[in-house]
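Comments concern the structure below.
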Amino acid sequence: MAAEVIPANVRASSRRRLPVEAIQAWLFLLPAVLILGVFQIFPAIAAFYMSLFKWDVVQGAFRGVGNYTDWLYDNSIRSPDFWRSLSTTFTYVIFTVPLEIAVALVIAYLLFQKMRGRGIYRTVYYLPYVTSFVAAAAVFFWVFHPQYGLINDLLGVVGIGPQRWLDEPDGIFELAASAFGVILPSWLAGPSLALVVISLVTIWHYLGYQIVIFLAGLSNISQEYYEAARLDGANERQIFTRITLPLLSPTTFFVFTVASIGVLRSFDSVYVLTNGFGGPLDTTRTVTLLVFKTAFQQAQFGLGAALAFILTLIILLFTLIQFRVLGPRVNFGE
Amino acid sequence: MRVKAAILATLMLVSAACSAAAPAPQQSTEADITLSGAPVGITLWHALSGPQQVALDAMVKKFNETNGKGITVSALNQGNYTQLYQKTLGAIQAGALPELAHAYESFVADYMKADVVVDLGAYKDSVKNGLAKASQDDIYKGYYDTNTFPQYGNKLLSWPFTKSLAVMYVNNDVLKEIGKPIPKTWDEFEATALAATKKDSSGKVTRYGFAFNTDASYFNAQVYARGGTLMAADNKTVAWNGKEGLAVLQMYDRMNKNGSGYSPKGFDFQNDLAAGKLAFFLSSTSTLPFIRDLADKAPFSWSIANLPQATTDATKQKTVQFGANVAVFKSTPEKQLASWLFIRWMSDTDQSAQFASTSYYMPVRKTAADSQTLKDYWAKVPQGKQGFDLIQYSSPEPNVRGQQDIRDVIFNMITEVITGKSTPDTAIATAATKSNQILKDAQ
Amino acid sequence: MSERAVTIPRGFPGLAPRPRVRTIAKHAVLILVAGVVAYPFYFMVTSSFKDILEATRTPPTIFPSELHPENYTDAWSRAPWGRYFVNTIFVSVSVTILELATACLAAYAFARMRFRGKNLLFTIFLATLMIPGEATLIPRYVLMSPSRVACAGLPCLGWFDSYQVQIVPFIASAFSIFLMRQFFLSIPSELSDAARMDGAGHLRFLWSIVLPLSVPALITAGLITFLGSWNAFQWPLIVTSKPDFRPVQVGLSAFRQEAGSSYHLLMAASTFVVAPIVLLFLVAQRYLVQGIARTGIRG
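Here it is, written out as structure tokens:
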């Protein structure tokens, strides 16, 4: 084919033109490099510098990794706060991401089939994503209101007593068990009901976005696979589990990674729904909220910056592990 | 060459240190200068919004038009108090502070770590620009106390600005219905709240006696009102863990269990009181305009009263004084003086009365009560006078370093009790240990 | 095309009525989820037309017993919303256009050009996506300050209270660069080779061939950027002091403080702040799926 001839040509010519092309490439990159360099990378370096000092409103003594070790093990107040917030953060991920993916996948699968009202459904699911958490929070306070909330009214109809939702520090398993008169040990209590509500609001917010990504992934699957399966007499469930799911796995993996990183570094959702406190009883204080509290409520910029870098490292590590463990199992199609 | 330079530098440093350490009789010179009349622009960052912002803007406009010294103040809202604090911290790093900022005591204590706050003592006492003795004494003593910082050499680092105090709001209609007076003691209070509580046939509470407040200030106010203190005399340990503090938690616990108290969300308690679903809540006097608004829309009878007290002896009654102050940041002598002249003007009798009647904050002077402006206002809003009469009982909360974190500890302590996570005894003991640790770390 | 995926082989009488049952079941699931998703919006809009007493009634009324459109004029008159909207629109549009420009240039370089350090630079760009914004807030703020001392001798920008402080830092984003790069990679390389044979320069090739093919991706990246800019809150709050330059989200937050317990007014303000962006997405949403589909999220 002709295409096989041209690359040889191009390769030869591009090798000759390499210096010119490199200069051109850097010119193309210049605006982005400049902006990201000045407004993202330079501040990150400056923040790293701050993290090496005692910086209590103003710059103090050099501490080296002192701020880091304070968080990890060295300080009797800081380090329990850190480990607790880290466990809260991962709990938040666990109670958000899998459910979000499952619901988005099912909805996307249903929507992908031609049906009436597709556009309307898609629009409705997308609404939350374009709404800021600031505006959404005002409404959710009402929906989950302990006295006047709709959810409590609905539960009342089924005979379940009113819950405190965003004000409830008790673990959900603890609450469920106590309804049957069982008292669970504290390590089995589970995340606080407040954190679960925040998870649900997060899912509500991102659901439409994930649906769109899944729709895109579905449209990337060649029709030939379906046709072949159908010729073999596969039913719809078989097609879904044997064709759609495996071929969609790159998309699922992508969504999983992006959603996890998103939740790990999320701030607005928790901040807005807990009025910045990470309450009740600190059960929703994620690492980002602890960064914010340390830097902007206690004015300990050095400690705050150190914590932010610890979180960045954790996110990097988490992403690498995902790629290592899950990456090889993903079916990349070709 | 380099050695020489180093020696020279050291010498300069030493001499600078010496001159700084020497007694400074001219300390007040900056406060005694005269403004030439050339234009001086100063900026005030504040956290007032809505009608209170309108009230402040009107005052600022009047000052700009009448000061005759070329001073122009621009008052700019910077979000709520947390956002204002956050922004001021950034401005300290950036060296871009305004001349004045609205601030709580704990904010000022943090700003002082960067040594950017002007000592107002010299201005207050300046013969030329200060206040005469009688005028100084006209301002409530508690307002000086709260702005004087023990850990910074007892300097006067901020000035009363938007002051208020913790009071009890009462729905009179509810009390009338159950035939009880406004309670004066805590036992009466608890009994009245229980009597006001109503349940429907399914057992769901339709009217509560009391709305719990998890904010530390109202816990502190109750400790005061029960005759307790908040800090040990040496400021090294907390003192609210005594029998008074425990009594507060035990009352919350009982009221939670018998259904007469509940935890409101956001500002619900305001609507609930207005809708006759609640008999009492504790709040700041600055909540007044919101209740008044609600009463305008759907009339009901309400009043502001002192918190129930441990004693009937008026000289020993106590509640918490709060509300924010204003701090002046170091800039040029002219701008600092201009800033002082503005806040001095704001606290003159006329302005104090004027601002109190438009912003619903408390006047900073006793003589403001004699002004016609306030009398006219009180004729329309009797609750304003009810609040004013309680200023004499109000005492500041501690302004030591670490107080902000202790407030969080108290907040969690109350939450633990009203969610049934801990008993009052355990909760208060744990919280006190933690608070004392915080105080130790903050030294 | 996908219609066939749900077609049951004909001539299998036992299954004949199932498609309809199945369709109904599918709609039931979709409607249920849509109801849950849309309820908060329904609540927001209906509450915005109630009076204060009805807005706080429990259980909430399904529909306002009496319409109060004056809530909107009341809420509108309580803050300089006109100014806020002008500011937000100007900032969001500028950020979107400029950001797309820098993203296209950079993405093209990453996708189609050879140069040393390409992978390293791309990795650094992506790494910027992982640092939480709270960490760099203080240095970014200091950078904007007018003082020279604070920036350790480096020139500070002195941009407080301006439009550029809300625009310039956001006109390059690693996310958009990544998105556009993926899309450009999906454009068959034969096209570029052919064009190059014609002697077309990179810039001309990008402008006249790549970009027209990339409209869905441009719209996708543009919408996401526009959305981020429209909903920006924390940064504009701290870098602006005067209402002259403040955006709607800061206005809404201030209004929340001011409205206190006037929930009906708060709901009205929330509605008119959310409405424009919702409308924009209604118009543009059909491009979104196409845009994302072609950006090759295959890993």
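Chains as they are written, first to last, in our numbering: chain L, 3 to 336; chain U, 801 to 1243; chain P, 214 to 512. Ideal Cβ positions, reconstructed from N, Cα and C, are used throughout, including at glycine.
Per the C-alpha coordinates, the member of Pro-164(L), Ile-185(L), Gly-304(L) positioned closest to Gly-173(L) is Ile-185(L).
Apart from sequence neighbours up to five positions away, the residues of its chain that approach Val-274(L) with a beta-carbon distance below 7 Å are Phe-135, Val-136, Ala-139, ordered along the chain.
In this structure, the alpha-carbon of Gln-951(U) lies about 34 Å from that of Thr-872(U). Within the DSSP bridge table, the entry for Leu-424(P) names no partner. Cβ proximity to chain P below 9 Å picks out Ser-874, Leu-876, Asn-877, Gln-878, Gly-879, Asn-880, Gln-883, Gln-886 from the region 869 to 886 of chain U. Chain order gives the chain U residues near Pro-359(P) as Ala-896, where near means a beta carbon separation below 7 Å. For Arg-353(P), the residues of chain L that pass the 8 Å Cβ criterion are Phe-41, Pro-45, in the order they occur in the chain. At least one C-beta of chain P is nearer than 8 Å to the C-beta of Leu-38(L). Fewer than three Cβ pairs drawn from the region 31 to 38 of chain L and the region 286 to 294 of chain L lie within less than 8 Å of each other, which leaves the two stretches out of contact. In the three-state DSSP reduction, Lys-980(U) falls in the coil class, being neither helix nor strand. Interface with chain P (8 Å Cβ-Cβ cutoff): Lys-1004(U) is excluded. Contact annotation: Thr-888(U) and Tyr-911(U) have beta-carbon atoms nearer than 8 Å.
Looking at the backbone, the Cα of Ala-310(L) and that of Asn-1041(U) are separated by about 35 Å.
Across the structure, Leu-1082(U) and Ala-1016(U) are spaced so that their CA atoms are roughly 12 Å apart. Runs of the alpha helix (DSSP H) lying entirely within the region 112 to 161 of chain L and spanning at least 4 residues, in chain order: 120 to 132, 135 to 145, 152 to 160. In the three-state DSSP reduction, Tyr-969(U) falls in the strand class (E or B).
Residue contact check for Ile-317(L) against chain P: a CB pair falls below 8 Å. With the criterion set as a beta carbon lying under 9 Å from some beta carbon of chain U, the members of the region 167 to 190 of chain L are Leu-168, Asp-169, Glu-170, Pro-171, Asp-172, in sequence order. Positions of the alpha helix (DSSP H) runs, each at least 4 residues long and wholly inside the region 1162 to 1239 of chain U, are given as 1172 to 1180, 1182 to 1188, 1203 to 1218 in order along the chain. Three or more Cβ pairs drawn from the region 106 to 126 of chain L and the region 209 to 221 of chain L lie within less than 8 Å of each other, which places the two stretches in contact. Leu-356(P) and Ser-180(L) have their alpha carbons spaced roughly 54 Å apart. For Leu-266(P), the nearest beta carbon of chain U is closer than 8 Å to its own beta carbon. Using a Cβ-Cβ cut-off of 8 Å, Thr-1149(U) does not count as an interface residue toward chain L, since no Cβ of chain L sits closer than that to its own. Close to Ala-49(L), with beta-carbon spacing below 7 Å, lies no residue of chain U; the smallest spacing is near 12 Å. Annotated three-state conformation of Lys-999(U) is strand, per DSSP. The alpha-carbon separation between Ile-1228(U) and Ile-982(U) amounts to approximately 29 Å. At a Cβ-Cβ threshold of 8 Å, Tyr-500(P) and Thr-438(P) do not count as neighbours. Asp-1225(U) and Arg-1007(U) have their C-alpha atoms spaced approximately 29 Å apart. At a cut-off of 8 Å between beta carbons, Phe-30(L) contacts chain P. Pairing Leu-156(L) with Glu-229(L), the inter-Cα distance amounts to about 45 Å. Proximity to Leu-1239(U) across Thr-1215(U), Thr-1219(U), Asn-1212(U), Pro-1198(U) peaks at Pro-1198(U), based on C-alpha coordinates.
A straight line joining the alpha-carbon of Tyr-476(P) with that of Ser-260(P) spans about 8 Å. If you keep only unbroken beta strand (DSSP E) runs of at least 3 residues inside the region 1035 to 1090 of chain U, you get 1078 to 1084. With fewer than 16 other Cβ atoms inside 10 Å of its own Cβ, Leu-280(P) counts as exposed.
For Ile-871(U), there is no enclosing alpha helix (DSSP H); the enclosing beta strand (DSSP E) has its first and last residue at 871 to 877. Scanning chain U for C-beta atoms nearer than 7 Å to the C-beta of Glu-279(P) yields nothing, as the closest lies near 14 Å away.
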